[in-house]
Amino acid sequence: MVETSTTAHPPVQPPPALRPPVAGGGPVHPPLEQLHHLHFCIHSNPSWHETIILGFQHYIVMLGTTVMLATVLVPQMGGNHGDKARAIQTMLFMSGVNTLLQTFIGSRLPTVMSPSFAFIIPVMSIIRDFALRPFDDEHERFVHTMRAIQGALIISSCLNIVIGYSKAWGNYSRFFSPVVIVPVVCVVGLGQFERGFPQVGKCVEIGLPMLIILVIIQQYMKNIHERTQLMFERFTLILCIVVVWSFAAILTVGGAYNNVPEKTKIHCRTDRTYLMSSAPWIKIPYPFQWGAPIFSASHVFGMMGATLVAAVESSGTYYAAARLAGATPPPAHVLSRSIGLQGVGMLLEGIFGAAAGSTASVENAGLLGLTRVGSRRVVQISSGFMIFFSIFGKFGAFFASIPFPIFAAIYCVLFGIVAAVGISFIQFSNNNSMRNLYIIGLSLFLGISVPQYFNEFTASAGHGPVKTNAGWFDEILNTVFSSAPTVAMIVATVLDNTLEVVNTDSDRGLAWWLPFQNRKGDVRNEEFYSFPIKINEIIPTRYL
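The end of the sequence shown is residue 1033 by the numbering used here, with every number in the run present.
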């Protein structure tokens, strides 16, 4: 197994020597614990002007998810365009705060925290509950719905706080192996397919050019000249967004969408978000801005299912981000404290009135691989953009008017990178073992197939497949089994720890995996995941 340098700023290393050719085939590539084609790893940083531009790219990527989620939820709550702008500002503000917290005292990985689609099911349940009640106007219904979401987030956040800081989540992660991580990380990316080309196809004349141009410039044109290589490799995303967004604006002004269905206008036109006209110039989100929280047991239990799903999704994203940032897999104690801190972040989101809880952003993890820059500082700078544009609403609304198909084209690439990173973990186990292939294959397939069934059933019937007299129980199961990473993790963990476990440690890759799961099992754990200050002098070690 190849060991990489552990210095603070490791140079870019050449590919390792290949093993001699084997009979009937070419050379065999040995397993690599860390990727060798990264320009900057987790604790090395590009120049300040590059760091700022790269941080802005991370902000743009997570902005798409935030706007999409608000666009789906706020109108159904009864909110107007102004309410939608405030909801986006609040979620952006909390994403910036939570990203800073995670990069400093949480996972310490370069991961952006952004609103999670896992919260759609419990939030829609709250929306349906209040839709049946009488209100003087739609805005009053929106405010009451937001207050109920606040109450549910505040109470349900305790679940992640408890399983995190009690180290229960870290203890559960000790049942993982590379055989489990492969399907989990893979479906963290593949499970987002509905936000990819299906959204591109809603305005193909904008989305498809964005996808094609991004691939051509970022992967092919970078090799034209030495001086353009780094520029195209790191900053193509912004260049492509400017070009295609301008093209969309020209089509809008030129009247190309004047006589098309309303749905086409929503996805294609650059003036259909109405955020520029409704967003305030300056607005600082503050605690309980919608009023006192409304607490309901049925809402809380449903939201708990989403917080558990967010923990699973974040864990899968952390493994992908660690590999793309040149770090070792996060140890058990790091996963525990990051999930605990994620619960604290959800508590803050409930207090400040966010429309949904947060999770580690899959698309931003993919951006680490696209730019080959895994610097923690870049992501910390991006949190500054989130907070700035959440306060100065008009400026943030300008970028939020980017049509969804442009974001979707970007996500096709970024989600694919994360899925591929998941596949790369198989090199640390025996990929010729039928046992391993069975577990990985079944977990991958069920991880995609089961949530698809739950989502299709919900779309047609108006409720999930699980429907009993206990509504809270229904919401938990429907939320859990609508999440691809959660289903994959459950299936893979159960099978890997019960199927032919005797004398299969080597096949499962445990000899490579276990040292990384202990705080002092590998010397690099301290290098990548230690706190920036001696925080253990303030907080007892047992909580970290």
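C-beta: ideal position from N, C-alpha, C; glycine also. Source: prediction; values computed, not measured.
8 Å Cβ cutoff met for residue i and residue j
{"i": "V674", "j": "A809", "result": "yes"}
{"i": "T560", "j": "A843", "result": "no"}
{"i": "K1009", "j": "S825", "result": "no"}
{"i": "S847", "j": "S533", "result": "no"}
{"i": "A981", "j": "V907", "result": "no"}
{"i": "S596", "j": "S827", "result": "yes"}
{"i": "G544", "j": "S871", "result": "yes"}
{"i": "A745", "j": "T759", "result": "no"}
{"i": "G832", "j": "S646", "result": "yes"}
{"i": "I610", "j": "T957", "result": "no"}
{"i": "T860", "j": "R723", "result": "yes"}
{"i": "C901", "j": "L648", "result": "no"}
{"i": "I895", "j": "G696", "result": "yes"}
{"i": "F593", "j": "P1021", "result": "yes"}
{"i": "L527", "j": "G815", "result": "yes"}
{"i": "F841", "j": "M583", "result": "yes"}
{"i": "K772", "j": "R761", "result": "no"}
{"i": "K883", "j": "A768", "result": "yes"}
{"i": "G863", "j": "F529", "result": "yes"}
{"i": "R1013", "j": "I531", "result": "no"}
Alpha carbon of residue i to alpha carbon of residue j, nearest angstrom
{"i": "G685", "j": "M875", "result": "23 Å"}
{"i": "P892", "j": "F970", "result": "30 Å"}
{"i": "S1019", "j": "T817", "result": "13 Å"}
{"i": "V801", "j": "G678", "result": "13 Å"}
{"i": "A574", "j": "A607", "result": "21 Å"}
{"i": "N921", "j": "F665", "result": "19 Å"}
{"i": "L590", "j": "L813", "result": "20 Å"}
{"i": "L740", "j": "L728", "result": "19 Å"}
{"i": "R716", "j": "L552", "result": "30 Å"}
{"i": "I650", "j": "Y661", "result": "15 Å"}
{"i": "H547", "j": "Q869", "result": "10 Å"}
{"i": "R997", "j": "L926", "result": "11 Å"}
{"i": "E945", "j": "N712", "result": "44 Å"}
{"i": "I912", "j": "V939", "result": "20 Å"}
{"i": "P500", "j": "S787", "result": "Residue placement at P500 cannot be trusted, given a pLDDT of 44 that sits under 50; what the coordinates show is reported in the next sentence. About 54 Å."}
{"i": "W734", "j": "I644", "result": "41 Å"}
{"i": "F721", "j": "L857", "result": "15 Å"}
{"i": "F682", "j": "L581", "result": "24 Å"}
From the options, residue whose alpha carbon lies closest to that of residue i
{"i": "A620", "options": "F608, H633, I609", "result": "H633"}
{"i": "V789", "options": "G696, A637, F914", "result": "A637"}
{"i": "F784", "options": "E964, I615, N649", "result": "I615"}
{"i": "T796", "options": "V823, G834, F881, A814", "result": "G834"}
{"i": "F878", "options": "V733, H518, H532, T555", "result": "T555"}
{"i": "I652", "options": "P974, V823, A973", "result": "V823"}
{"i": "A641", "options": "L562, S847, G839", "result": "G839"}
{"i": "E539", "options": "T725, S787, R622, G905", "result": "T725"}
{"i": "Q688", "options": "M557, D994, L543, V742", "result": "M557"}
{"i": "W779", "options": "A898, I705, T762, H628", "result": "H628"}
{"i": "P672", "options": "G930, N992, S605, G690", "result": "G930"}
{"i": "F888", "options": "R617, Y763, C530", "result": "Y763"}
{"i": "I915", "options": "G905, L903, F904, I928", "result": "I928"}
{"i": "A781", "options": "L1003, V586, V517, Q639", "result": "Q639"}
{"i": "I937", "options": "G680, Q565, G858, G951", "result": "G680"}
{"i": "H952", "options": "D618, L837, G659, S767", "result": "D618"}
{"i": "W770", "options": "G567, T993, G885", "result": "G885"}
{"i": "G791", "options": "V731, V955, P819", "result": "V955"}
{"i": "W658", "options": "V798, I644, P667", "result": "V798"}
{"i": "M793", "options": "E751, L836, K752", "result": "L836"}
{"i": "F777", "options": "P1004, I730, M635, A898", "result": "M635"}
{"i": "Y807", "options": "T947, E683, F1017", "result": "F1017"}
Residue i burial status per 10 Å Cβ neighbour count (16 or more: buried)
{"i": "D625", "result": "exposed"}
{"i": "L703", "result": "buried"}
{"i": "G1015", "result": "Position check: residue 1015 holds Glu in this sequence, whereas Gly was assumed. The residue in question, E1015, is exposed, as its Cβ has fewer than 16 Cβ neighbours within 10 Å."}
{"i": "E964", "result": "buried"}
{"i": "W961", "result": "buried"}
{"i": "N747", "result": "exposed"}
{"i": "M923", "result": "exposed"}
{"i": "N1007", "result": "exposed"}
{"i": "I705", "result": "exposed"}
{"i": "T987", "result": "exposed"}
{"i": "T743", "result": "At residue 743 the sequence reads Gly, which differs from the Thr that was named. Its Cβ having fewer than 16 others within 10 Å, G743 is exposed."}
{"i": "Q718", "result": "exposed"}
{"i": "A959", "result": "exposed"}
{"i": "Y709", "result": "exposed"}
{"i": "V867", "result": "buried"}
{"i": "V990", "result": "exposed"}
{"i": "A1000", "result": "exposed"}
According to DSSP, residues forming a beta bridge with residue i
{"i": "A849", "result": "M602"}
{"i": "V862", "result": "F529"}
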